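Numbering (full-length UniProt numbering), first residue to last: 1 to 371. Think of the CB as a built atom: it goes at the ideal place given N, C-alpha and C, for glycine as much as any other residue. In this text, all values refer to a predicted model and were calculated from it rather than measured experimentally.
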Amino acid sequence: MIGNKFLTLKSKNSIKSKSNAFLISAAWFNKWKKSVGIDVSKPDDSIKLDSIDNRNLLLKDKLKPTLTEKYDFVLLSPPLWNILNEWYPGGPEIKVKIIDHPEKHTPVPILIELTFSVFYQNESVEIKAHKYEQVLDIKKRACEKFNVNPNNSRICDFWNHNILPPISDNSYIYNLHLVDTQELLLQVRNENGQFITRSRSRGRLASRTNSSMSIGIRPFGVFNATTKGLVGLSNLGNTCFFNSAVQSLSHTHLFASFFMNANWRENINHINHLSTDGQLSNSFAQLVNDIWTKDVKTLSLKRLLDTVVQFAPRFGDHMQHDAQELMMFLLDGLHEDLNRANKKEYIEGIEGDDASCQETAAEASWKRHKL
Numbered sequence: 001m002i003g004n005k006f007l008t009l010k011s012k013n014s015i016k017s018k019s020n021a022f023l024i025s026a027a028w029f030n031k032w033k034k035s036v037g038i039d040v041s042k043p044d045d046s047i048k049l050d051s052i053d054n055r056n057l058l059l060k061d062k063l064k065p066t067l068t069e070k071y072d073f074v075l076l077s078p079p080l081w082n083i084l085n086e087w088y089p090g091g092p093e094i095k096v097k098i099i100d101h102p103e104k105h106t107p108v109p110i111l112i113e114l115t116f117s118v119f120y121q122n123e124s125v126e127i128k129a130h131k132y133e134q135v136l137d138i139k140k141r142a143c144e145k146f147n148v149n150p151n152n153s154r155i156c157d158f159w160n161h162n163i164l165p166p167i168s169d170n171s172y173i174y175n176l177h178l179v180d181t182q183e184l185l186l187q188v189r190n191e192n193g194q195f196i197t198r199s200r201s202r203g204r205l206a207s208r209t210n211s212s213m214s215i216g217i218r219p220f221g222v223f224n225a226t227t228k229g230l231v232g233l234s235n236l237g238n239t240c241f242f243n244s245a246v247q248s249l250s251h252t253h254l255f256a257s258f259f260m261n262a263n264w265r266e267n268i269n270h271i272n273h274l275s276t277d278g279q280l281s282n283s284f285a286q287l288v289n290d291i292w293t294k295d296v297k298t299l300s301l302k303r304l305l306d307t308v309v310q311f312a313p314r315f316g317d318h319m320q321h322d323a324q325e326l327m328m329f330l331l332d333g334l335h336e337d338l339n340r341a342n343k344k345e346y347i348e349g350i351e352g353d354d355a356s357c358q359e360t361a362a363e364a365s366w367k368r369h370k371l
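Here it is, written out as structure tokens:
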């Protein structure tokens, strides 16, 4: 039986670090498993598959940036790919490198390399790195291009040309929610031990120093018509309130970065009865990715609107609503989708009856929220 032959071969050919593997569309692979009786009681003879079809993993002949293992694709060792491709010739063939996860120490594929624009003085260079590398790797490559000593420099987040606090050299890219084409700033320590910050001022370069590890946010120029993220949302009736809420959330740095990183899908809680089973998160993540990756002037939020209306019909009457009400629904829905706590214990309420204990109460409330 074809299914048993595949499983026998699989048991003898596990995926290992420092090797290669192949991607296969999870949609195609799951249909194939049903057709041959793998993980089901009996084969489904109604399913007819001619050839492997991996086209849904690609965008303009490149891997889509938000693919997730098991959800979008399945990893196959070379012998498994070869035998499947022999039985069902197709493709395209997608080979990837396998490395050891730096913290979990399990085999993981390198799907894409991210490109970062690193600014220093009046120049910028493009640095490539995959998500399992450290910020130190980015810094070393940038310093080599700028002929700068890496021991006297640091990298700062430069999201939307705002100078944000420096990033630890030891931080892994996948933990930072950095996205493709994101801008970073290289700062170099001067003779006085201070880090020099260069920022544009009316088209010229102005320098200032700051010895603190915390650098204030400073606007950097004006967006132009081709700036990533500068995308309008088409109005579907009276949906101005909807557009406003979505634009606010999609341009909140950490919030947008979280959904630009495909790892967010690992947090979906499928057994939380208060969630949308990931439907709201999927629709929202797709729109955020479209806003920041597509080279268009306007986008339709119909898919997200349809998902919202499915769970909150009040927003589907084509009338104006309060943007804050919608934002609260979105935040609450996304929170429940991605809340991994399945058993929530009762926790006493927190009270703050005077100004002196407000800060303590706020800190305790935040800790309670994260339980």
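Rounded distance between the beta-carbons of L185 and T158, thought under 8 Å | A small fix is needed here, since residue 158 is Phe in this sequence, not Thr. F158 to L185, Cβ: 4 Å. Contact.
Neighbourhood of F241 by C-beta, 7 Å cutoff - its chain only, sequence neighbours within 5 removed = Q320, H321, D322, A323 and L326
When you compare only the Cα positions, how much space is there between G3 and L23?
-> 19 Å
Quick one: Cα of D44 to Cα of D50, how far?
-> Their backbone Cα atoms lie some 15 Å apart in a straight line.
Taking buried to mean at least 16 other C-beta atoms within 10 Å of its own C-beta, is A285 buried or exposed?
-> buried
Within the UniProt domain "DUSP" (1-99), note down every full beta strand (DSSP E) run reaching 3 residues or more, in order along the chain.
-> 19-25 and 73-76
Residue 372 to N190, Cα distance in whole Å?
-> The structure shown has nothing for residue 372, since the chain only spans 1 to 371.
S281 - containing alpha helix (DSSP H), residue span | Q279 to T293
Identify which residue in E103, G232, D180 and D295 has its Cα closest to the Cα of N261.
-> D180
Per DSSP, which one or two residues make a beta bridge with F146?
-> Partner(s): none; F146 has no beta bridge.
What span of residues does the beta strand (DSSP E) with Q310 cover, start to end?
-> Run containing Q310: none in the beta strand (DSSP E); it sits in the alpha helix (DSSP H), K302 to F311.
Hey, does W159 have any beta-carbon neighbour from chain D nearer than 8 Å?
-> Considering every chain present, this structure includes no chain D. It has just one protein chain.
Backbone CA spacing between K128 and I112 [nearest angstrom] | 10 Å
Per the contact definition of three or more C-beta pairs closer than 8 Å, is the region 306-314 in contact with the region 269-283?
-> yes
Can N134 and C156 be called in contact, C-beta distance under 8 Å?
-> First, the residue type needs correcting, since residue 134 is Gln and not Asn in the sequence shown. Result no, Cβ atoms of Q134 and C156 do not sit closer than 8 Å.
How long is the line joining the alpha carbons of H335 and R314, rounded to whole angstroms?
-> 20 Å
Could you name the residues that DSSP lists as bridge partners for D157?
-> L184
Best match in K18, L59 and V74 for proximity to K33 [C-alpha to C-alpha] | V74
Can you check DSSP and say which residues form a bridge with F119?
-> The secondary-structure analysis by DSSP pairs F119 across a beta bridge with S124 and L185.
Classification of D332 by the beta-carbon crowding that lies within 10 angstroms, buried from 16 upward = exposed
Looking at C-alpha atoms only, which residue of H161, N152 and L230 is the closest neighbour of N192?
-> Among H161, N152 and L230, the Cα nearest to that of N192 belongs to N152.
Spatial neighbours of Y120 within its chain, please: CB distance less than 6 Å, with the 5 preceding and 5 following residues excluded, ordered by chain position.
-> F146 and L186
Which residue's Cα is closest to the Cα of D337: K302, V108 and F259?
-> Ranking K302, V108 and F259 by Cα distance to D337 puts F259 first.
Kindly indicate which three-state DSSP category T298 falls into: helix, strand or coil?
-> In the structure shown, T298 sits in a strand (DSSP, three-state: E or B).
Counterpart residues of Y172 in DSSP-defined beta bridges = Q134
A364, DSSP secondary structure in three states = helix
Locate the beta strand (DSSP E) running through V108, then write down its first and last residues.
-> For V108, the enclosing beta strand (DSSP E) starts and ends at P107 to I110.
When you compare each of L136, V36, K70 and A341 to K48 by their alpha carbons, which one comes out closest?
-> Taking the Cα of K48 as reference, the smallest distance to any Cα among L136, V36, K70 and A341 is reached at V36.
Integer-rounded CB distance, given that V96 should sit under 8 Å from I110 | 6 Å
Go through its chain and collect everything with a Cβ distance to T293's Cβ below 7 Å, but skip five positions before and after it.
-> P65
Alpha-carbon to alpha-carbon, D100 and I138 = 19 Å
Environment of F311 [buried if 16+ CB atoms lie within 10 Å] = exposed
Are I98 and K16 close, meaning C-beta to C-beta below 8 Å?
-> Yes, the pair counts as a contact, with Cβ atoms nearer than the cut-off.
Reduced DSSP category for A129 - H, G, I as helix; E, B as strand; rest coil = Correct three-state label for A129: strand.
In whole angstroms, what is the alpha-carbon distance linking K104 and K140?
-> 25 Å
Within the same chain, show all residues whose beta-carbon is closer than 8 Å to that of F255, passing over the 5 residues directly before and after it, in chain order.
-> L249
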